[in-house]
Amino acid sequence: MSEAIPFPTARSTQPFGPTEPSLRTSSGRTAAVSIDPVFLDRWSPRSFQPDPITREELLPLFEAARWAPSANNEQPWTFVYALAPEDRERFLAPLAPGNRAWASRAPALVYLFARKRTRNGSAYPASSFDTGAAWMSFALQARMRGLDTHPMGGFDPAAAFEATGVDPKDHDVMIAIAVGRRGKAEALPSQLAAREHPSDRQHLGTLVHEGRWRIAGPPSTQSPG
Ligand SMILES: Cc1cc2nc3c(=O)[nH]c(=O)nc-3n(C[C@H](O)[C@H](O)[C@H](O)COP(=O)(O)O)c2cc1C
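Using our numbering, the letters of the sequence shown map in sequence onto residues 174 to 398.
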């Protein structure tokens, strides 16, 4: 017999009711309904083991991103990565100091760009949406291979174009990504170590609506973390 899944209906007063914790992973996160553990196990650490990773380890992440869906199959994403010490130094420079402080230990750094226009030169309003899908494929494939990722919006865009050689006329820079293997929280300065844990999410009932949007019943019991 299949397990009853609490799903919101237009008629229920409490869209999801009290949820049964049906999946708890080693990350300590609990899913309201059963999903693949990789969605809970991916989180953004600041502590990375300083050991190098190889180009061969990174390639499947880019390959997973390549298969992301995009409007009209435009594939607007471009990834530029740094593994060599001199490239990593250059990629660290654009980061906000608060990010540079911990990202300097990550063995790989990546900048992700989105093409501004379609291949035939038209406006492309979905470009950043599509590039976000590619990022998520990258991040999930990383976790499936025992690697971790931390996306960063805190950097100087002009400096990111300078560091990577990507042309700002044709591209927007979306995020920087630190990639490596998560390390121990204690390896971080104390104020960052205290924040080194997976975050929680809003209650499912606040973000899913059947038929018509409406304000969810009781306030969320789960903090957004
Ligand atoms: C577009 C974007 C920009 C972000 N910028 C930063 C950043 O500059 N510094 C940082 O430490 N984390 C940054 N993050 C990470 C988020 O804070 C993190 O993904 C969010 O709190 C959820 O936590 P989780 O990824 O561990 O599940 C960013 C994430 C995204 C998607």
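Think of the CB as a built atom: it goes at the ideal place given N, C-alpha and C, for glycine as much as any other residue.
Cβ contact (3+ pairs, closer than 8 Å) linking the stretch 340-347 and the stretch 232-248: No, because fewer than three Cβ pairs between the stretch 340-347 and the stretch 232-248 fall closer than 8 Å, the two stretches do not touch.
CA nearest to the CA of ILE226, picked from LEU320, GLY338, SER372, ASP329: When each option's Cα is compared against that of ILE226, the closest is LEU320.
In whole angstroms, give me the CA-to-CA distance for LYS289 and ILE350. Between LYS289 and ILE350, the alpha-carbon positions lie close to 20 Å from each other.
I'd like to confirm the pairing. Which residues does DSSP put opposite VAL253 in its beta bridges? Its beta-bridge partners are TYR284.
Whole angstroms are fine: how far does the CA of PRO218 sit from the CA of PHE328? Between PHE328 and PRO218, the C-alpha separation is close to 18 Å.
Compute the minimum distance between the beta carbon of SER372 and the heavy atoms of ligand 1, and state whether it is under 7 Å. Yes - ligand 1 has a heavy atom lying nearer than 7 Å to the Cβ of SER372.
What does THR203 pair with, by DSSP beta-bridge criteria? THR203 is bridged to ARG197.
8 Å contact criterion, which SER200 and LYS357 should meet: CB distance rounded: Incorrect: roughly 15 Å between the Cβ atoms, too far for contact.
Which of helix, strand or coil DSSP assigns to ASP343: Shown here, ASP343 sits in coil according to DSSP, grouped into three states, outside any helix or strand.
Taking only three categories from DSSP, how would you classify HIS267? According to the sequence provided, residue 267 is Pro. The question's His does not apply to it. PRO267: coil per DSSP, three-state reduction.
Taking 7 Å as the line, does the beta carbon of PRO210 fall inside it for any heavy atom of ligand 1? Not one heavy atom of ligand 1 is found less than 7 Å from the C-beta of PRO210.
Just the Cα atoms here: how many angstroms apart are ALA315 and THR291? CA-to-CA, the gap between ALA315 and THR291 works out to about 28 Å.
Out of GLN375, ALA287, TRP216, point me to the one whose CA is closest to ALA299's CA. With distances taken between Cα atoms, ALA299 lies closest to ALA287.
Using only the alpha-carbon positions, how far apart do ALA244 and MET347 sit? So the alpha carbons of these two residues sit roughly 17 Å apart.
Considering only heavy atoms of ligand 1, does any lie closer than 7 Å to the CB of HIS382? Within the chosen limit of 7 Å, ligand 1 does not reach the beta carbon of HIS382 with any heavy atom.
Which word fits ALA336, buried or exposed, when buried means at least 16 other C-beta atoms lie within 10 angstroms of its C-beta? Looking at its Cβ environment, which holds 16 or more other Cβ atoms inside 10 Å, ALA336 is buried.
My guess is that THR198 and ASP209 are in contact by the Cβ rule of under 8 Å, so how many angstroms apart are they, rounded? Contact between THR198 and ASP209 is absent: CB atoms are separated by about 10 Å, not below the 8 Å threshold.
Range of the contiguous alpha helix (DSSP H) that encloses PRO330: According to the DSSP assignment, PRO330 belongs to the alpha helix (DSSP H) that extends over 330-337.
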